[in-house]
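Visitor: Take this structure, written in structure tokens, and hold onto it; I'll ask about it next.
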Amino acid sequence: MAEPVRRTQRERVEASTRLLAEATVSLIAERGFAATTTAEICKRAGYSRAMVHARYGSKDALLDSILTTHYEERMDIAPDPALNGLQQVLARIDAFSEFAAEDGEFLRAVFVLQFEATRGTAELRQRVATWVDRERQGFIHAIQNGVDDGSIRADLHAIHEATDLIASGIGIAYLWVTDATDTPIGPTLGRWRSRVASRLHSRPSVDEV
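Right under this line is the structure:
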């Protein structure tokens, strides 16, 4: 019988990182961030109680790593010069929809965490506030591009529209995480996308977007 292939140190680190992230996400989705302990994270991931502290130093540092690698880098949509401004706006909503379809449990856990931030540590509140503002700035930039290239109505105020988009997205997310019926978020996001396209578009037809 062939001997099992020994994993390299890098492979072992990557595997443990993934398992810790998955355990953290599932526990946050179930209990919230404040009620989740490092011991519970390690137990669910199949490691000793000291793994989180040995690898990251603290639960907050683990969370920082997860959010940066698995959420923010994925949702931080760079403007595509091949798209017009309206398409850039819709691309940001599409990224939200694709994330929900591909990794809904993780996205739900992130939203739970963000809503907890209102009563969490100052560092957590600041991190969430910074991220929300970065998303808003992304919408502002895309809307202004659309006004400039003619794909978005010139009478719209980019800052106001972007703020409304962020508020709508947060509202949809909150409804999703508090819905006891576990209604899929996809159809809601699809309807939101259609409404945004209709409101912003500089012409009556939105078939091209």
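Read in numbering that gives the first Met the number 0, the sequence shown has 104 at position 105, and its numbers run on one by one without any break.
We treat Cβ as the ideally placed atom computed from N, Cα and C, and that holds for glycine.
Using only the alpha-carbon positions, how far apart do S201 and G149 sit?
Guide: Between S201 and G149, the C-alpha separation is close to 7 Å.
Visitor: Leaving out five residues before and five after R107 in sequence, what residues of the same chain have Cβ atoms less than 8 Å from its Cβ?
Guide: These residues qualify, in order along the chain: A28, W175, V176.
Visitor: Grab the span of the alpha helix (DSSP H) containing R198 for me, first residue to last.
Guide: Unbroken alpha helix (DSSP H) run through R198: 185 to 199.
Visitor: State yes or no: is the C-beta of E39 within less than 9 Å of the C-beta of L26?
Guide: In contact: E39 and L26 (Cβ atoms closer than 9 Å).
Visitor: Looking only at its chain, what residues have a beta carbon closer than 7 Å to the beta carbon of H69, apart from the 5 residues adjacent to it on each side?
Guide: Answer for H69: A20, F105, listed in chain order.
Visitor: Go to E21, then tell me how far its alpha helix (DSSP H) extends in each direction, as first and last residue.
Guide: Residues 8 to 30.
Visitor: Assuming S150 is part of the alpha helix (DSSP H), what are its boundary residues?
Guide: No alpha helix (DSSP H) contains S150, which DSSP labels as neither H nor E.
Visitor: Does the segment 152 to 159 come close enough to the segment 133 to 142 to have 3 or more Cβ pairs within less than 8 Å?
Guide: Touching, yes, given that three or more Cβ pairs across the two stretches are closer than 8 Å.
Visitor: Rounded to a whole number of angstroms, what is the C-alpha to C-alpha distance between A99 and L164?
Guide: In a straight line, the C-alpha of A99 is about 17 Å away from that of L164.
Visitor: Report the CB separation of W130 from S167 in whole angstroms; it is logged as a contact under 8 Å.
Guide: Not a contact, Cβ separation roughly 17 Å.
Visitor: Pull up the CB-CB distance for Y55 and S64, whole angstroms please, since I reckon it's below 8 Å.
Guide: About 6 Å; that satisfies the 8 Å criterion.
Visitor: With distances taken from CA atoms, which of T182, E134, D59, E71 is nearest T35?
Guide: T35 has its Cα closest to that of D59, out of T182, E134, D59, E71.
Visitor: Any idea what DSSP makes of A157, helix, strand or coil?
Guide: Three-state DSSP puts A157 in a helix.
Visitor: Can you check which of these residues, E134, T37, A44, is closest to H52 by C-alpha distance?
Guide: The shortest C-alpha separation from H52 is found at T37.
Visitor: Can the beta-carbon of F32 be found less than 9 Å from the beta-carbon of L82?
Guide: The answer is no: Cβ separation not under 9 Å.
Visitor: Mark E207 as exposed unless 16 or more other C-beta atoms lie within 10 angstroms of its C-beta, in which case mark it buried.
Guide: Reliability fails at E207, whose pLDDT of 48 lies under 50, so the model's placement of it is uncertain and no value is given.
Visitor: Residues in its own chain within less than 8 Å of C41 by CB, not counting five upstream and five downstream?
Guide: Correct list, in chain order: L19, A22, S47, R48, A49, M50, V51.
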